[in-house]
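*Asks:* Can you keep this structure in mind? I'll have questions shortly.
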Amino acid sequence: MSASQEKKRRREQRAEGVEKKQVQKTKTLMAKKRAKKIKTAAICAVAFILIILVVFNSSLFYTGLTAVHIGDWKYTTAEFNYFYQSAFLTTFNQYYQSLGEYAYYLLDPNKSFSKQDYNEEQTYEDYFTDQAFDRMKKIAMLNRAAVEDKFVLDEDGQAQIDMTISNAKAMANQGGLSFSSFLVQTYGKGMTESIFNKLINWEIIAANYTNTMLDNMVFTDEELDARYEESSADYNLITFHRYFVNATAKPEEGLDDAAAKAAAYTAANEIAVGRTEDVFAELVYQHVPEDQKEAYADPTATLQKNVSPSSINADYKEWLTSPERTYGETTVIETETGFHVLLFVGSNDNNYYLQNFRHILIKAEATGQATAESEAPELTAADIKTAQMKAEEVFAQWEDDPTEDYFIQLANEESDDAGSNTIGGLYENKKLGDLVPEIEDWLFDETRKVGDTDIIYVKSANYTGYHIMYYVGAGERCDRTIAKGILQTERFETWVADRDSDYKLSTTMAFWFAK
């Protein structure tokens, strides 16, 4: 190889080396850029996730965004949750008052409402949602109308707001919670004191505006009488005697299902021969088991007096409420487990006046020791006598100044009735069936006149004691009061229906956070 060729080769090698270094350098630079892009993308992704987490865990979707539109009225998720949880609390409390601990079998607060059936068509989640939407719509309608009518809450309305908020704070305190924690625990995330106060204001304004609307509705006596007549079958009170003959098998007596049913059928029809109250009661007494003879020795043991149709068993409601029924008619109605024997006594068309009275209740208090069979001591004759003496003492004290004003004072000082001992013992517009029989008989006596007094002994399942009575006077006629309520409801429902098209409901993405 010549010197010139060798020199050329070395130049080419140097150029190739430079090119390789440049290529490598370029690759390295590109790799660094890719790594930087990846790192930047990763940082952005993490930041985005953090932002999402922060937003999800903040109150933005609960209080900052509209979740429900009802017309042009807007509700946040937190506000919807208030009405949803209120629907749950109302329903559960109703169950608990009626069933006690068994309410948990009907509606378990610790299980998903979407997994519990309210009826064949709805879960409890569906039901509570519908209840919430319905209430939200009425709140919107009524508050809008109140503003348009320049309606302003009076002192009583403002006091209702203050009392509602005060009671909520007291519940929080009883539970050992701060008020803010109580609100979140009760109504869900995002609920604050300011939101709660706003919603309570809306609720009270709606309720008071509704009452004002209803109070301003005027009806003639002719309108009231005609409307009651249309619905009399749903409201006339029924008095009847009923006895149930059990038809279950009695193996110890050698009666299988068929034999027991045949025997029960025979007994029921033998009782149904009695077409007067005395004869019916005597025939029942002849057929009751020996261990029930004492209870049925009283001829009124089977009597059910002035019962509202809504409270009558569906098995025999249709028969009892038929306008064709007359005194002395009897019937036997079969069920899966036996036979109802019924004697129709009469129907009350509610053409009577509601009654107003004051009372002072002196309860008999047990002073002895608890027995082994009972956690509480039993009342003795001495305990009852002590209550009687106290009642007579208070009554004698009133006789020194026999005025209604002094009776009011004594009721507030001495009465054991927590439901009336802050308002002078007053009960207004009481109807038949509202009170224990002893009080009802005295109150609805046709000879009763304003200012009448008496001491009445009552022994019931809930208490034993003495009522010092003061008759205030008659109120409105019962049938017309019922008719007025029906007409008010119908007019209010029409008022709501007329505005429904302006309050169409829709939800947004924020509603996903509801419930």
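Numbers given in my numbering equal positions in the sequence shown, counted from 1, plus 393.
The C-beta atom is built at its ideal place from N, Cα and C for all residues, glycine as well.
Computed from a prediction, not measured in an experiment: that's the story for all the values here.
Straight-line CA distance for Leu570 to Ser507?
*Replies:* Rounded to whole angstroms, Leu570 to Ser507 spans 29 Å at the Cα level.
*Asks:* Between which two residues does the beta strand (DSSP E) holding Thr632 run?
*Replies:* Run containing Thr632: Leu630 to Asn639, per the beta strand (DSSP E) assignment.
*Asks:* With H, G and I counted as helix, E and B as strand and the rest as coil, what does DSSP make of Phe885?
*Replies:* Helix at Phe885.
*Asks:* Taking the alpha-carbon of Thr874 as reference, which of Phe837, Arg620 and Trp712 has the nearest alpha-carbon?
*Replies:* For Thr874, the nearest C-alpha among the options comes from Arg620.
*Asks:* If distances are taken between C-alpha atoms only, which option among Ser704, Thr557 and Ala759 comes closest to Tyr856?
*Replies:* Ranking Ser704, Thr557 and Ala759 by Cα distance to Tyr856 puts Ala759 first.
*Asks:* When you compare only the Cα positions, how much space is there between Phe885 and Leu607?
*Replies:* Straight-line Cα distance between these residues: approximately 8 Å.
*Asks:* Rounded to whole angstroms, what's the CA-CA distance from Tyr745 to Phe788? Just pull it up for me.
*Replies:* Taking the straight line joining both Cα atoms gives about 30 Å.
*Asks:* Give the straight-line distance between the Cα atoms of Gln515 and Lys852, rounded to the nearest whole angstrom.
*Replies:* Going by the C-alpha atoms only, they are around 44 Å apart.
*Asks:* With distances taken Cα to Cα, identify the nearest neighbour of Leu880 among Ala651, Ser624, Ser808 and Ala538.
*Replies:* Nearest C-alpha to Leu880: Ser624.
*Asks:* Roughly how many whole angstroms lie between the Cα atoms of Thr693 and Ala674?
*Replies:* In a straight line, the C-alpha of Thr693 is about 7 Å away from that of Ala674.
*Asks:* Assuming Thr379 and Gly583 make a contact with CB atoms under 8 Å, what is their CB distance in whole Å?
*Replies:* This structure cannot settle anything about residue 379, because the visible part of the chain is limited to 394 through 908.
*Asks:* Return yes when the Cβ of Ala784 is within less than 7 Å of the Cβ of Met757, no when it is not.
*Replies:* Looking at the sequence itself, residue 757 is Ala, so the reference to Met does not match. The answer is no: Cβ separation not under 7 Å.
*Asks:* Is the segment 534-553 close to the segment 601-615, with three or more CB pairs under 8 Å?
*Replies:* Segments in contact, yes.
*Asks:* Closest Cβ-Cβ distance between Val865 and chain B: below 7 Å?
*Replies:* Given the protein chain composition of this structure (a single chain), no chain B is represented.
*Asks:* In this structure, what does DSSP give as the bridge partners for Trp905?
*Replies:* Its beta-bridge partners do not exist; DSSP assigns none.
*Asks:* What first and last residue would you give for the alpha helix (DSSP H) that runs through Asp650?
*Replies:* Taken as a continuous stretch (DSSP letters only), the alpha helix (DSSP H) holding Asp650 covers Asp650 to Ile664.
*Asks:* Gln697 and Thr632 look like a contact to me (Cβ under 8 Å); what is the Cβ gap, rounded to whole Å?
*Replies:* Gln697 to Thr632, Cβ: 7 Å. Contact.
*Asks:* Beta-carbon separation of Leu500 and Phe476 under 7 Å?
*Replies:* Cβ distance not < 7 Å, so Leu500 and Phe476 don't count as in contact.
*Asks:* Excluding the five sequence neighbours on either side, which residues of its own chain have a C-beta within less than 7 Å of the C-beta of Ala599, listed in chain order?
*Replies:* The answer, listed in chain order, is Lys531, Ile532, Leu535 and Asn536.
*Asks:* Can you tell me which of the three DSSP states Asn601 falls into?
*Replies:* In the structure shown, Asn601 sits in a helix (DSSP, three-state: H, G or I).
*Asks:* Inspect the CB distances between the segment 731-750 and the segment 861-868 and report whether three or more fall short of 8 Å.
*Replies:* At 8 Å Cβ cutoff, the stretches touch.
*Asks:* Considering just the uninterrupted stretch of the alpha helix (DSSP H) at Phe474, what are its terminal residues?
*Replies:* Note that residue 474 is Asn in the sequence shown here, rather than Phe. Note, Asn474: alpha helix (DSSP H), Thr470 to Leu492.
*Asks:* What are the uninterrupted segments assigned as alpha helix (DSSP H) that are 4 or more residues long and contained completely in the segment 700-766, given in chain order?
*Replies:* Segments of the alpha helix (DSSP H) lying fully in the segment 700-766: 707-714.
*Asks:* Do Thr695 and Tyr636 count as a contact pair if the criterion is CB distance below 7 Å?
*Replies:* In this structure, Thr695 lies closer than 7 Å to Tyr636 by Cβ.
*Asks:* List the DSSP bridge partners of Ile849.
*Replies:* BP columns for Ile849 point to His860.
*Asks:* Have a look at the DSSP bridge pairing and note the partners of Ile875.
*Replies:* In the DSSP output, where bridge partners are listed per residue, Ile875 has none listed.
*Asks:* Assuming contact is defined by CB atoms lying nearer than 7 Å, are Ile593 and Gly550 in contact in what I supplied?
*Replies:* It is not a contact, given that the beta carbons lie outside the stated cut-off.
*Asks:* For Ile558, which residues does DSSP report across the bridge?
*Replies:* Paired residue(s): none; Ile558 is not in a bridge.
*Asks:* For Gln697, write down the residues that DSSP places opposite it in a beta bridge.
*Replies:* Beta-bridge pairing links Gln697 to Phe633.
*Asks:* Can you give the Cα-Cα distance for Pro830 and Ser704, rounded to whole angstroms?
*Replies:* Spanning the two alpha carbons is a distance of roughly 18 Å.
*Asks:* Using the Cβ count rule (16 or more neighbours within 10 Å means buried), how would you classify Val666?
*Replies:* Per the 10 Å Cβ criterion, exposed.
*Asks:* Would you report the Cα separation of Ile588 and Phe526, rounded to the nearest angstrom?
*Replies:* For Ile588 and Phe526, the distance between alpha carbons rounds to 18 Å.
*Asks:* Specify the secondary structure class of Asn609 as computed by DSSP and reduced to three states.
*Replies:* The answer is coil: DSSP assigns Asn609 none of H, G, I, E or B.
*Asks:* How about Phe906 and Phe454: do their beta carbons lie closer than 7 Å?
*Replies:* Result yes, Cβ atoms of Phe906 and Phe454 sit closer than 7 Å.
*Asks:* Cβ of Gly858 within 7 Å of Cβ of Ile755?
*Replies:* Yes, they are a contact pair.
*Asks:* Measuring CA to CA, which of Ala565, Ile726 and Glu616 is closest to Ala661?
*Replies:* Taking only the C-alpha atoms, the option nearest Ala661 is Ile726.
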